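Same order as they appear, the protein sequences are chains A and B. In terms of the working numbering, the first sequence opens at residue 1 and continues consecutively. In terms of the working numbering, the second sequence opens at residue 223 and continues consecutively.
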Amino acid sequence: MWHDAVLVAGKDLRIEARSRVALWQVVPFAFLVLVLLAFAIGPDQTALRRAAPGIFWVALLFSTVLAIQRSVAVESGEGTRDGLRLSGIDPAGIFLGKAAAVGLQLLALQLVLWAGVTFLFDVRVHVVWLAVTASLLATVGLACAGVLYGALSAGLRVRDTLLPLLVLPVLAPVLLAGSKVWEAALDGNAASGTQWLKILVPFAVIYLVVGIVLYGPLQEAA
Amino acid sequence: MSAPTVRPSRPRWLDVVGILGVVALGFTVWLGLWITPPDVVQGNLARLLYIHPPLATVALYWVGAVAVGGSLLYLWPRTRSLFWDRLAASAVEVGAVFSALTLVTGSLWGRPAWGTWWTWDARLTSTALLLLLEVGYLALRRVPADPAVRARRCAVAALLIAVDIPLVHFSVDWWNTLHQGGTFIDPGFKIHASTSMSWTFLLGFVAFSLVFVWLLGVRYQVEVLQDAVGDQELEVSLAERWDEDTEHIGGDLVGQAPAPGRGAP
């Protein structure tokens with residue numbers, strides 16, 4: 001399973017490295033969301049600083065949807081999914097590989113967003129370990145849940161409109177918990193932030209386990 | 223050529239449940255509006271609580287149990303049957319209606335009690351998210367597909383949504399809680415209300431549970447009919463097209479030569 005996962009992740013990341021869709025579309029889109037939300041809030045620096053954690057996570061969530069759509073699109077070519085199934089690769093391996101590829105892209109994206117938020121909203125993370133832990137946990141959760149819902153919508157003609165409707169309400173707990181952890185990390189209040197990690201941990205674990213179990217039946221359904 | 227027809231067959235027990243549900247609902251309204259006294263603190267506003275908590279209970283627990291149970295039983299190879307798939311889908315659709323009604327009645331209560339139609343309270347927010355999750359499931363359900371493929375896809379979606387609901391509940395609960403805890407019944411099941419009020423409250427639960435079972439059964443029947451019509455759709459369309467063609471040809475050829483089908487004199 002792990003070997004298969006590495007193979008699939010390597011394939012997806014190589015495709016990304018060659019096509020550079022993540023770099024030229026997903027990253028600029030995330031930045032665009034930062035700027036647009038700042039426009040909506042106005043130039044008041046205090047308000048922007050207060051909203052910065054939420055803006056960071058909203059931008060990340062929207063970009064996650066794009067990353068998942070891209071991850072599904074890679075497999076949408078004529079017979080590609082059938083090819084993948086015929087290759088004898090363990091479905092759990094495919095799931096883990098695709099989630100790992102999306103997760104690595106999301107981590108890179110978060111670094112860019114972090115820089116963007118620091119630069120545009122003039123905020124500083126005081127408890128770095130807290131923000132990093134939240135990012136790592138959220139990345140696992142977002143990538144696993146995202147790939148699962150991506151598989152659910154794969155092969156449908158209405159995929160692009162259906163996926164955000166399906167996946168964004170599901171990701172709401174990550175948005176809430178992530179924003180709260182970031183708020184605590186910006187204020188230097190580690191204790192209140194740790195409480196919110198208790199949402200991110202089960203989210204990541206549940207979707208990881210459910211994905212390993214259900215990806216096989218899902219692939220057959222698609 | 224006549225189009226094939228699908229005959230509905232509704233079991234008798236379902237009609238009985240429906241009648242009982244409507245009668246119980248009527249009694250709840252009568253007791254709630256005319257017989258029970260106004261609340262000491264909330265006055266007449268408390269009367270909304272005879273329907274709001276029952277609606278919420280059905281929306282969350284009954285719907286959740288049927289949707290998750292049905293989806294699991296469909297995915298389990300030994301019990302795989304479209305019956306479970308249709309039951310789960312019907313539960314989610316009825317659940318969406320109950321969730322929406324929970325939000326509406328809560329909002330009607332919130333305006334005079336809290337001074338606002340909507341507040342970002344934990345239970346309001348989590349119910350709104352539940353409704354959105356249900357709408358997502360129903361959107362997936364609407365995507366045309368072979369019944370077996372659709373059933374599997376929807377069963378997985380229902381389970382994925384179900385695992386998310388406790389997380390939504392806890393996160394939103396921590397995020398903001400204004401909503402009161404149990405007021406009528408404390409964890410020791412001790413009821414703090416006058417006798418007529420508590421009986422009306424309990425009757426509300428029974429009434430909405432019966433209405434839920436009835437709507438679930440009716441929706442299930444509709445689901446069966448929809449699938450049957452879906453199967454016959456091509457046949458029906460072809461039959462209609464054939465009728466149009468023969469009428470047209472018949473019209474052109476009247477008086478010249480005998481035409482097949484309806485066009486024949």
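For each residue, glycine too, the CB sits at the ideal point set by N, CA and C. Small disclaimer: the values here were computed from a predicted structure and weren't measured.
query: Does any C-beta atom of chain B lie closer than 8 Å to the C-beta of Pro202/A?; result: yes
query: What separation, rounded to the nearest whole angstrom, lies between the Cα atoms of Asp160/A and Pro217/A?; result: 22 Å
query: Comparing C-alpha positions only, which one of Leu152/A, Leu111/A, Ala22/A, Thr139/A sits nearest to Ser76/A?; result: Leu152/A
query: So Val158/A contacts chain B; which residues on that side make the cut at Cβ distance below 7 Å?; result: Val365
query: If you pair each beta-carbon of the stretch 352–365 of chain B with each one of the stretch 304–318 of chain B, do three or more pairs fall below 8 Å?; result: yes
query: For Ile41/A, which residues in chain B fall below 7 Å Cβ to Cβ?; result: Here the premise fails: no neighbours, minimum Cβ distance about 17 Å.
query: Start and end of the alpha helix (DSSP H) containing Asp4/A?; result: 2–19
query: Just verifying my parser: in three-state terms, what is the DSSP assignment at Gly337/B?; result: coil
query: Going by C-alpha to C-alpha distance, which of Gly150/A, Gln219/A, Gly155/A, Ala138/A sits closest to Trp196/A?; result: Ala138/A
query: Threshold first: 4 residues or longer. Then list the alpha helix (DSSP H) segments lying entirely within the stretch 229–273 of chain B, N to C.; result: 234–252
query: Straight-line CA distance for Leu113/A to Val170/A?; result: 22 Å
query: State yes or no: is the C-beta of His126/A within less than 8 Å of the C-beta of Ala185/A?; result: yes
query: Apart from the five residues on each side of it in sequence, which residues of its chain come closer than 6 Å, Cβ to Cβ, to Glu16/A?; result: Ala22
query: According to DSSP, is Leu352/B part of a helix, a strand, or is it coil?; result: helix
query: Are the beta-carbon atoms of Leu142/A and Gln69/A separated by less than 8 Å?; result: no
query: Let me check understanding here. Comparing Cα to Cα, which of Gly150/A, Phe119/A, Val210/A lies closest to Phe56/A?; result: Phe119/A
query: How would you label Leu400/B, buried or exposed, when you count the other beta carbons within 10 angstroms and need 16 or more for buried?; result: For Leu400/B, the predicted model reports a pLDDT of 47, less than 50, meaning its position is unreliable and no value from the coordinates is stated.
query: Our contact map puts Val74/A next to Leu148/A with C-beta atoms below 8 Å; I'd like the distance itself, whole angstroms only.; result: Rounded, the Cβ-Cβ distance is 16 Å, inconsistent with contact.
query: Please go through the same chain and pick out, in chain order, the residues whose beta-carbon is closer than 7 Å to the beta-carbon of Val446/B, but skip the five residues on each side of it.; result: Arg308
query: Within 8 Å (strictly less), CB to CB, does Pro217/A reach chain B?; result: yes
query: Using C-beta distances below 6 Å, list every residue in its chain close to Ser293/B, excluding the 5 sequence neighbours before and after it, in chain order.; result: Ala310, Ala377, Ala380, Leu381
query: Compare the C-beta of Leu351/B against all C-beta atoms of chain D and say whether one is closer than 8 Å.; result: Structure shown: chain D not included; protein chains present are A and B.
query: Could you give the distance in angstroms between the alpha-carbon of Pro28/A and the alpha-carbon of Leu168/A?; result: 20 Å
query: Considering only their Cβ atoms, is the gap separating Val117/A from Ala67/A smaller than 8 Å?; result: no
query: Apply the 10 Å Cβ neighbour rule to Gly193/A and answer buried if 16 or more other Cβ atoms are within range, or exposed otherwise.; result: buried
query: Residues in its own chain within less than 8 Å of Leu61/A by CB, not counting five upstream and five downstream?; result: Leu142, Leu168, Leu171, Val174, Leu175
query: List the residues of chain B that Ala177/A touches, going by C-beta distances under 8 Å, in chain order.; result: Ser393
query: Buried or exposed for Trp284/B, going by 16 or more other Cβ atoms inside 10 Å?; result: buried
query: If the cut is a Cβ gap below 8 Å, which residues of chain A does Ile383/B touch?; result: Val170
query: Do Leu109/A and Ser71/A come within 8 Å of each other at the CB atom, strictly closer than that value?; result: no
query: In this structure, does DSSP put Gly328/B in helix, strand or coil?; result: helix
query: What does a CB cutoff of less than 6 Å around Phe39/A pick up in its chain, not counting 5 residues either side in sequence?; result: none
query: Output, in sequence order along the chain, the residues in the stretch 286–311 of chain B whose CB is closer than 7 Å to any CB in chain A.; result: Leu297
query: If you draw a straight line from the C-alpha of Phe406/B to the C-alpha of Leu297/B, how long is it?; result: Reliability of the predicted coordinates at Phe406/B is poor, the pLDDT of 49 falling under 50, and no value is obtained from them.
query: Could you list which residues in chain A have their beta carbon closer than 7 Å to that of Ala361/B, in chain order?; result: Leu162, Leu165
query: Excluding the 5 residues preceding and the 5 following Pro53/A in the sequence, name in chain order all residues of the same chain whose CB lies nearer than 6 Å to its CB.; result: Ser179, Trp182, Glu183
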